[in-house]
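Step one of this worksheet: look at the structure below.
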Amino acid sequence: MGKLSDRPNRVVIALGGNALGKTPREQIAKIRASASVLLGVIEQGNEIIITHGNGPQIGMIQKAFSLAHASDSSVPAMDLPECGAMSQGYIGYHLQQGLGVAMHKAYKRWHVATVVTQIEVDPDDPAFKDPTKPIGPFLTKEQAETEKAAHPEMSFIEDSGRGWRRVVASPEPKKIVEAESILNLLDNEFIVIACGGGGIPVVRDYADKGAYKGVAAVIDKDMAGELLAEDCHADVLILLTAVDHVALDFGKPTQKDLLELTADQARKYADEGQFGKGSMEPKVRAAVKFVYSRPGRSCIIGSLEHAREAVAGISGTRIHA
Numbered sequence: 003m004g005k006l007s008d009r010p011n012r013v014v015i016a017l018g019g020n021a022l023g024k025t026p027r028e029q030i031a032k033i034r035a036s037a038s039v040l041l042g043v044i045e046q047g048n049e050i051i052i053t054h055g056n057g058p059q060i061g062m063i064q065k066a067f068s069l070a071h072a073s074d075s076s077v078p079a080m081d082l083p084e085c086g087a088m089s090q091g092y093i094g095y096h097l098q099q100g101l102g103v104a105m106h107k108a109y110k111r112w113h114v115a116t117v118v119t120q121i122e123v124d125p126d127d128p129a130f131k132d133p134t135k136p137i138g139p140f141l142t143k144e145q146a147e148t149e150k151a152a153h154p155e156m157s158f159i160e161d162s163g164r165g166w167r168r169v170v171a172s173p174e175p176k177k178i179v180e181a182e183s184i185l186n187l188l189d190n191e192f193i194v195i196a197c198g199g200g201g202i203p204v205v206r207d208y209a210d211k212g213a214y215k216g217v218a219a220v221i222d223k224d225m226a227g228e229l230l231a232e233d234c235h236a237d238v239l240i241l242l243t244a245v246d247h248v249a250l251d252f253g254k255p256t257q258k259d260l261l262e263l264t265a266d267q268a269r270k271y272a273d274e275g276q277f278g279k280g281s282m283e284p285k286v287r288a289a290v291k292f293v294y295s296r297p298g299r300s301c302i303i304g305s306l307e308h309a310r311e312a313v314a315g316i317s318g319t320r321i322h323a
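Set out below in structure tokens:
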């Protein structure tokens with residue numbers, strides 16, 4: 003790999019899972035509509051790495067297997083690591099095809115590759131002792147008790163009066179297992195799609211000579227995107243969501259959109275509880291971590307529709323040192 007100064011700016015673009023739609027057909031349409039926007043970032047002289055959420059998609063996959071297993075015991079139930087791998091594969095496939103269509107129209111011949119990505123977590127992470135992330139379908143109390151009896155390692159909670167759901171840990175990402183593969187593809191001028199849905203959480207299995215094994219957990223996709231940006235030596239991290247700007251007092255008459263923030267200001271506002279716990283706060287905290295990781299780095303939080311303008315500095319909220 004050459005010196006960092008020898009290459010174009012490297013940009014990690016994170017797409018929210020909900021921005022990709024709730025069905026395969028809807029996802030294809032949304033990706034095709036946005037693919038030219040993503041290519042526009044390359045045309046500005048940047049290298050791009052794409053990561054994405056998978057909340058609706060992994061839920062759909064797991065529910066399909068659960069329903070099939072309930073009606074036909076010969077169909078196996080599918081656990082979270084495998085569902086995560088499936089979602090990475092088919093979302094990556096749709097992104098590759100959507101980008102391919104856009105490149106064909108623009109007479110471009112760049113290469114695109116999806117890396118089904120594992121991310122190592124610490125088996126002693128405190129999150130494993132207090133699983134809080136709901137996943138999968140809603141169950142009756144009796145169904146949850148049956149599942150618990152069959153799988154004592156699983157935990158279930160009652161979720162807001164809507165039924166019982168399985169909960170899993172959300173540990174901190176420590177290492178991208180396929181980091182070298184991703185870097186090799188980038189160095190050979192590929193558009194890389196990686197770490198989808200926060201990556202597949204894995205731990206070392208020292209009973210099997212230290213090989214990796216999957217664990218039932220969910221890594222925060224924004225923090226996984228931040229780690230990807232660090233490992234890829236990115237200059238800019240772009241977190242795309244449903245709104246154009248980070249805002250104070252979001253949804254209130256006093257709402258104030260923020261165009262620019264220092265990392266210190268962003269952390270202060272997050273500590274004050276200004277941002278939604280399950281929506282904007284993880285993005286802001288990922289942005290702060292990335293900005294602090296190396297001088298000269300910045301993060302932009304904005305909407306998918308205006309990604310090109312965000313890179314150009316005329317849309318979104320820019321967080322910097």
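Under my numbering, the first residue of the sequence shown is numbered 3, with each subsequent residue one higher. Every residue gets a Cβ at the ideal spot worked out from N, C-alpha and C, and that includes glycine.
For Glu49, the beta-bridge partners assigned by DSSP are Arg12. Annotation for Trp166: Phe140, Leu141, Thr142, Lys143, Gln145, Ala146, Phe158, Ile159 and Glu160 place their beta carbon closer than 8 Å to its own, counting only its chain and skipping 5 residues before and after. The Cβ atoms of Gln90 and Gly199 lie closer than 8 Å to each other. The residue among Gly19, Ala72 and Leu97 with its C-alpha nearest the C-alpha of Leu40 is Leu97. Distance from Tyr214 to Val179 at the Cβ level is roughly 6 Å; contact confirmed, criterion being Cβ atoms closer than 8 Å. Annotation: the continuous beta strand (DSSP E) that includes Arg320 extends over Thr319 to His322.
With a threshold of 16 other beta carbon atoms within 10 Å, Arg164 falls short and is exposed.
Measuring C-alpha to C-alpha distances from Ala79 to each of Gln257, Ala87 and Ile63 identifies Ile63 as the nearest. Taking C-beta atoms under 8 Å as the contact rule, Pro173 and Asp124 qualify, at a distance of about 7 Å. In the DSSP assignment, Ile202 is bridged to Gln120. Taking 8 Å as the cut-off, the beta carbon of Ala272 is found closer than this to the beta carbon of Arg287. Within the same chain, Val77, Pro78 and Ala79 come within 7 Å of His71 by CB-CB distance, once the 5 residues on both sides are set aside.
Residue environment for Thr53: buried (at least 16 other C-beta atoms within 10 angstroms of its C-beta). The three-state reading of DSSP puts Ile302 in strand, counting E and B together. Cys234 and His113 have their C-alpha atoms spaced approximately 18 Å apart. Between Ile321 and Leu263, the CB-CB gap stays under 8 Å.
The residue among Val313, Asp246, His308 and Asp237 with its C-alpha nearest the C-alpha of Pro297 is Asp237. Rounded to the nearest angstrom, the gap between the Cα atoms of Pro154 and Asp81 is 14 Å.
Straight through space, the alpha carbons of Val43 and Val248 are spaced by roughly 21 Å. Contact check between the segment 218-226 and the segment 276-285: three or more CB pairs, one atom from each, fall below 8 Å, which counts as touching. Counting along the chain, Ser89 sits inside the alpha helix (DSSP H) bounded by residues Leu82 to Lys107. Under the three-state reduction of DSSP output, Ser157 falls in the strand class. Ile195 is bridged by DSSP to Ile52 and Thr116.
For Ile15 and Ser300, the gap between their C-alpha atoms comes out near 13 Å. Ala219 is the residue among Pro255, Ala219 and Pro58 whose C-alpha sits nearest the C-alpha of Ile121.
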